[in-house]
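Participant: Pasting a structure below so you can have a look.
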Amino acid sequence: MKYTILIFFIMLFSGCSTTDPVINSKIQQVDVPITVPCKATMPPEPESNFDKLSPDQDIFEKAKALLADRKLSQGYEAELIAALKSCIK
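Those letters in the sequence shown? Residues 1452 to 1540, by the working numbering.
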């Protein structure tokens, strides 16, 4: 009986001698992607110079118009790619 009372008091006092648990709080930054609506607008489609030519124009004028249309198409394509890249990021 004496031993049980002694063990009881030892357990009782040992519980009082421990310290409180230490709580470590760290702030972490977590990058979460958020979808944003695309604000790019479609560039206007260029008008074709070749379609404005009359059928009786010579081959050299038609070739010049086709080359000019190619440059316009390349510029239009560059604008479309830039608009697409601004939305994709």
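Heads up, the beta-carbon is just placed ideally off N, CA and C, and yes, glycines get one too. Only a predicted model underlies this, so the values are computations on that prediction, with no experimental measurement involved.
Roughly how many whole angstroms lie between the Cα atoms of K1513 and A1491?
Facilitator: For K1513 and A1491, the distance between alpha carbons rounds to 35 Å.
Participant: If I follow the unbroken alpha helix (DSSP H) through A1491, where does it start and stop?
Facilitator: Counting along the chain, A1491 falls outside any alpha helix (DSSP H), and DSSP gives it neither H nor E.
Participant: Would you check if the distance between the CB atom of M1493 and the CB atom of A1534 is smaller than 9 Å?
Facilitator: Cβ distance < 9 Å, so M1493 and A1534 count as in contact.
Participant: Please state the DSSP three-state secondary structure of M1452.
Facilitator: If DSSP states are grouped into helix, strand and coil, M1452 belongs with coil.
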